[in-house]
Every structure is written in C-alpha cells, then in structure tokens.
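Heads up: the sequence lines are chains A and B, in that order. So for the first sequence, my numbering puts the first residue at 1; every next one is plus one. So for the second sequence, my numbering puts the first residue at 1001; every next one is plus one. Just below is one structure, and these are the notes that go with it.
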Amino acid sequence: CTSLVAEDTTGKLYHARNLDFGLFLGWDIKKHSWEIPEYLRPLTVNLDFQRNNKTIFKSTNFAGYVGMLTGMRPGIFTLTMNERFNIDGGYIGIIEWILGKRDGFWMSFLTRSVLENATSYAQAKDQLTNTKMLAPAYFILGGNRSGEGCVITRSRKACLDVWELDLKHGSWYVLETNYDRWKDPLFLDNRRTPAMKCLNETTQKKISLPAIYDVLSTKPVLNKLTTYTTLMEVSSGTFEAYLRDCPDPCIPW
Amino acid sequence: VAQDLPPYSEECRKGTYPPHGPTFKGKIPWYTINLDSAPHKRWNQLISDKKVEVTNLIQAIKNLANDFFPSGKLIELVDKHLAPLVDTLPFPFNEEIKGIADVSGLPLGEVMFFNVFYEIFTV
C-alpha cells in the first residue's frame, strides 16, 4: 500500500491511498496478475455509514469485511491503514486471543471504532496511538487544520513512532508504504522513493487531488497488487475511489 | 510506458485525472450502512448484491489454502474452530459477521477467517 497526507499552501489537507494486497497469494499465468486482487476488485464498495439519516463516516471497503482500512469523518479527520509486516505479527495476537488473553483490539475493528466514535483529530490520534492491538500496523491520519497529519507506527503493544507534518521545516507531506520510516525499504520494493520524487516535483503550491492521483498512477507506486485508489479532502468532504489495474509492463508489487 | 526492473525508472505521470485509460478499471458503487438498524441486518442489502463475489473470493482463498495443505485440514480447522471464536469478538462486530454469514450462506468460520485475514497475514 501507499498512503499519504499532504497540505497545500492554503492549509487544505489531502489524504489518498493505493490499496495493494495479495502478494504471493496465487499468480494467474494467463492474466499475468495476482489472483486475490482480481477477486477483490468486484468486492470493492464505497460505504456511507449513517445514523439518524446523517453521514457519520465514509469508507472504501470490501463487501463482507466489517472492519475498515480507508475512511473519512467529513470535516473532522481522514484515516488509512497500511500493513506492517513483523515477526511479532498478528498470528501471535490470535493465539493469545484463543488462549483467553483478550485485552487487544483487532486492527480493522479499531479503525472502524475510531471512524465511528472519535469526534476530533486529537481523539483519533490518541486512540490509534495508545490502544493495545493484536497485530502491528501503520495508521495514516489526517485532520482538518494546518499541520494535522501523521503516520503512526504501531507494534502490537506499543506506539513506536509518530511522524507528523512539519511545515515550518518544509515537511508538507507524510508518506507511508510498508516500511518503518527510519529504515530503508527493501530494494526490490521501493515505492517510497518514486512517490516522494513525484510529490517533490509536484511541489506544495500545485498539490491537489488530481496531482496526487498522478503520483498514485506512477509505477511502481501503482503495481499489480493495486486494487483501488481513494482520494479524500476532509474540509469539503470529497471522497472518491477508483478501481485500478496495471497492465503489462508492470512490476508485480 | 515501461517499468524496468528496480531501481525505479518510470517518469512521474501527468494528466491521468479524471481517471481514464488502461490503469482505470472502473467506478466503485456506493452503499448506505444504517448504524441505527440491528447489527445482524446492517449488511443485508450489500451482501445480497455481492453474494457471488464474496463466495468467489472465499473459494479462491480456500483453493490457495488447499494448495499448501492438500489434505484439506486447514479449511476443516477454519470451519470447525474459527466459527465459535465469533462469539468472543466485541459487539457489534460479532453480530455483523453472523448476519453476513446468514445472508451469504457461507460457513461462519469462513466469514470470520476473511474478517481476521489481516492478523493472519502480517507474518
């Protein structure tokens, strides 16, 4: 996955993501594609969660999956989640759960709960930072005020890092793929450098949802695992999502 | 524009929005989920519409699992032992998953498996 939060020169915040999933889960030789993304695309839906006929939050999701990976509480915050691979992974959390140790949150239930119940950027950040979980994850959170954007790196039990927008020092965007920011990405899977290169070329002055869609359409940020792209602008409530494909020639991840 | 082997080689794309061309596979439909309705029934409309697609995905995952464990033991484990775990999930997720299994006609353990796939996959 690739997720980013960017702020333009007027203080408007944009949040977008490519959802990539299904690595090593079956390669279709005839179609030159991974099997799981092919099955996930027809399942992809945009959801408008309402209470009293009013929108509480919006999400891009898969039918049958009750947790959330991508969502926006209009006017308040935006949230995406990227997978974090770790040897202390979710399977340990599941074993603990089966054995009766149930003090952690399932990852996608936590994001759903935050989208449903948090009423401010600060509250969402606090819950995503401090809640014990069953699996490690990266949470990418955007707010509705200048400087409100961060990447939260989580292990199962602790928050390892919160990387925030820092406009005074020129950091007008934060971008996360599937690697800790203080480490180099795997050389065979470096989506971070091309995405940053394209954002830097775009510049803060010209950043917009169409410009971000361009970044997320550039290979290898777009790759054979990319199922959908979601674009969000919290202040106007803009929420757009598109199914993606990456015909050959295209990198498999 | 070709993608060479890493390191990265493609030029930054321009003018791809509004989405079009071979990398755009289509628009995504909208559904409303009413949080005032019972958790068991919230997903009924969506699952009714996507029953075939959900079944296809879960069958694909089962096929992959059977490739790794040809004895079928893994799926047997999922069907038998994951279903009771649904009751240990927090409300309303437990009820929602049961509702999805009822409407789709899929075994509860397999719907549970799909919903906790992230936790399993992070290794």
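Idealized CB from N, CA, C, for every residue including glycine. Predicted, not measured: the structure shown is a model, and the values here were computed from it.
Any C-beta of chain B under 9 Å from that of residue i
i: A/T218; result: yes
i: A/P247; result: yes
i: A/F139; result: no
i: A/N52; result: yes
i: A/L275; result: Lying outside 1 to 253, the shown extent of chain A, residue 275 of chain A is not represented and no answer is given.
i: A/E233; result: no
i: A/W163; result: no
i: A/R17; result: no
i: A/A158; result: no
i: A/R102; result: yes
Residue i - DSSP class collapsed to helix/strand/coil
i: A/Y65; result: coil
i: B/K1051; result: helix
i: A/Y121; result: helix
i: B/V1001; result: Confidence at B/V1001 is low in this model, with a pLDDT of 46, below 50, so the placement of that residue should be treated as unreliable; the coordinate-derived value is given next. Here B/V1001 sits in coil by DSSP.
i: A/C314; result: Lying outside 1 to 253, the shown extent of chain A, residue 314 of chain A is not represented and no answer is given.
i: B/G1072; result: coil
i: A/D88; result: coil
i: A/T227; result: strand
i: A/L243; result: strand
Where residue i meets chain A, residues with beta-carbon distance less than 8 Å
i: B/I1100; result: G64, V66
i: B/G1072; result: Simply none; closest approach about 17 Å.
i: B/P1022; result: D245, P247
Listed by chain order, chain B residues near residue i by CB distance under 7 Å
i: A/C198; result: C1012
i: A/P136; result: T1122
i: A/S108; result: Y1118
Best match in the options for proximity to residue i [C-alpha to C-alpha]
i: A/K125; options: A/K157, A/L99, A/W163, A/D184; result: A/W163
i: A/L209; options: B/E1011, B/E1010, B/V1116, B/T1016; result: B/T1016
i: B/V1103; options: B/G1109, B/W1043, B/G1021, B/L1057; result: B/W1043
i: A/Y228; options: B/F1117, B/K1025, B/I1097, B/K1051; result: B/K1025
i: A/T10; options: A/W27, A/G147, A/N178, A/L175; result: A/G147
i: A/N117; options: A/D88, A/R84, A/I76; result: A/I76
i: A/S113; options: A/I56, A/H15, A/K31; result: A/I56
i: B/D1087; options: B/P1070, B/Q1045, B/G1099; result: B/G1099
i: B/A1101; options: B/N1066, B/F1117, B/F1113; result: B/F1113
i: A/T70; options: A/F239, A/R154, A/T131; result: A/F239
Supposed close pair residue i, residue j - CB separation, criterion 8 Å
i: A/G104; j: A/R156; result: 7 Å
i: A/W106; j: B/E1119; result: 6 Å
i: B/K1054; j: B/I1047; result: Checking the displayed sequence, the identity of residue 1054 of chain B turns out to be Val instead of Lys. The Cβ separation is near 7 Å, so the contact holds.
i: A/L19; j: A/I36; result: Incorrect: roughly 12 Å between the Cβ atoms, too far for contact.
i: A/G170; j: A/H15; result: No, A/G170 and A/H15 are not in contact; Cβ-Cβ is about 20 Å, not under 8 Å.
Per-residue contacts from residue i into chain B (C-beta, under 9 Å)
i: A/T70; result: Correct list: empty, because the minimum Cβ distance to chain B is about 11 Å.
i: A/Y228; result: K1025, I1028
i: A/E201; result: C1012
Closer than 9 Å to chain A by CB, residue i
i: B/N1066; result: no
i: B/N1063; result: yes
i: B/P1019; result: yes
i: B/N1056; result: yes
i: B/G1105; result: no
i: B/F1114; result: yes
i: B/A1060; result: yes
Interface residues of chain A facing residue i [CB-CB closer than 7 Å]
i: B/F1091; result: Neighbours of B/F1091 on chain A: none; closest Cβ ~11 Å, over 7 Å.
Within chain B, partners of residue i - CB distance below 8 Å
i: A/V215; result: C1012, R1013
Partner residues on chain A for residue i, Cβ-Cβ distance less than 9 Å
i: B/P1029; result: T44, V45, N46
Short CB-CB distance (under 9 Å) between residue i and chain C
i: B/L1035; result: The question asks about chain C, but that chain is absent: this structure's protein chains are A and B.
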